[in-house]
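Residue numbers (my numbering): 124 to 280. All C-beta atoms in this analysis are idealised placements derived from N, C-alpha and C, irrespective of residue type, glycine included. Take a look at the structure set out below.
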């Protein structure tokens, strides 16, 4: 009877849970050599410093462009003064002197560079020129060796 119950349970399991029978489905993925190069460039530890320097150069150019924008300064201050207490020279005859208690100050300052003699444009140009020096060059020897290594490993698959 025990074997019959085991058979029934296994039969119910295979009928009701067909996904348990197939552990994995085969997935085929086709990757071109250009996609392999892009993935290798993206995940390479040796090329990350170049990519980081390119990102930093982009940020420097953006900061240089921001020098042309408006500069807005806003300040807001509240203060409270207590009542004064007046005394004679011999510290007698004290009296209370009411003073305005609350004060506030609000200031807005807006400034923009109208003419700087081309200093901002020159700084932007210098930043772009330094960006050109740090740009990621796919024709460098190191990059070509790296792509050959990736291609060799890809063809071995």
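Per-residue DSSP class, three states only, for residue i
{"i": "residue 225", "result": "strand"}
{"i": "residue 216", "result": "coil"}
{"i": "residue 190", "result": "coil"}
{"i": "residue 204", "result": "coil"}
{"i": "residue 150", "result": "coil"}
{"i": "residue 174", "result": "helix"}
{"i": "residue 271", "result": "helix"}
{"i": "residue 283", "result": "It is not possible to answer for residue 283, since the shown part of the chain is limited to 124 through 280."}
{"i": "residue 199", "result": "strand"}
{"i": "residue 209", "result": "strand"}
Own chain partners of residue i with C-beta closer than 6 Å, once the 5 adjacent residues on each side are dropped
{"i": "residue 218", "result": "209"}
{"i": "residue 234", "result": "194"}
{"i": "residue 232", "result": "196"}
{"i": "residue 165", "result": "none"}
Residue i, buried or exposed, once every other Cβ within 10 Å from all chains shown has been counted against 16
{"i": "residue 135", "result": "exposed"}
Cut-off 7 Å between Cβ atoms - residues of its own chain near residue i, not counting five sequence neighbours on either side
{"i": "residue 203", "result": "224, 225"}
{"i": "residue 239", "result": "none"}
Pairwise C-alpha distance: residue j and residue i
{"i": "residue 227", "j": "residue 250", "result": "44 Å"}
{"i": "residue 161", "j": "residue 176", "result": "18 Å"}
{"i": "residue 180", "j": "residue 222", "result": "57 Å"}
{"i": "residue 185", "j": "residue 266", "result": "28 Å"}
{"i": "residue 207", "j": "residue 229", "result": "26 Å"}
{"i": "residue 183", "j": "residue 237", "result": "22 Å"}
{"i": "residue 152", "j": "residue 158", "result": "12 Å"}
{"i": "residue 253", "j": "residue 277", "result": "35 Å"}
{"i": "residue 149", "j": "residue 244", "result": "58 Å"}
{"i": "residue 205", "j": "residue 198", "result": "23 Å"}
{"i": "residue 169", "j": "residue 269", "result": "10 Å"}
{"i": "residue 280", "j": "residue 167", "result": "19 Å"}
Beta-carbon contacts of residue i that lie in its chain and below 8 Å, excluding the five residues immediately before and after
{"i": "residue 246", "result": "187, 190"}
{"i": "residue 216", "result": "210"}
{"i": "residue 220", "result": "206, 207, 208, 209"}
N-terminal and C-terminal residue of the alpha helix (DSSP H) that residue i is part of
{"i": "residue 235", "result": "No alpha helix (DSSP H) contains residue 235, which DSSP labels as neither H nor E."}
{"i": "residue 164", "result": "156-166"}
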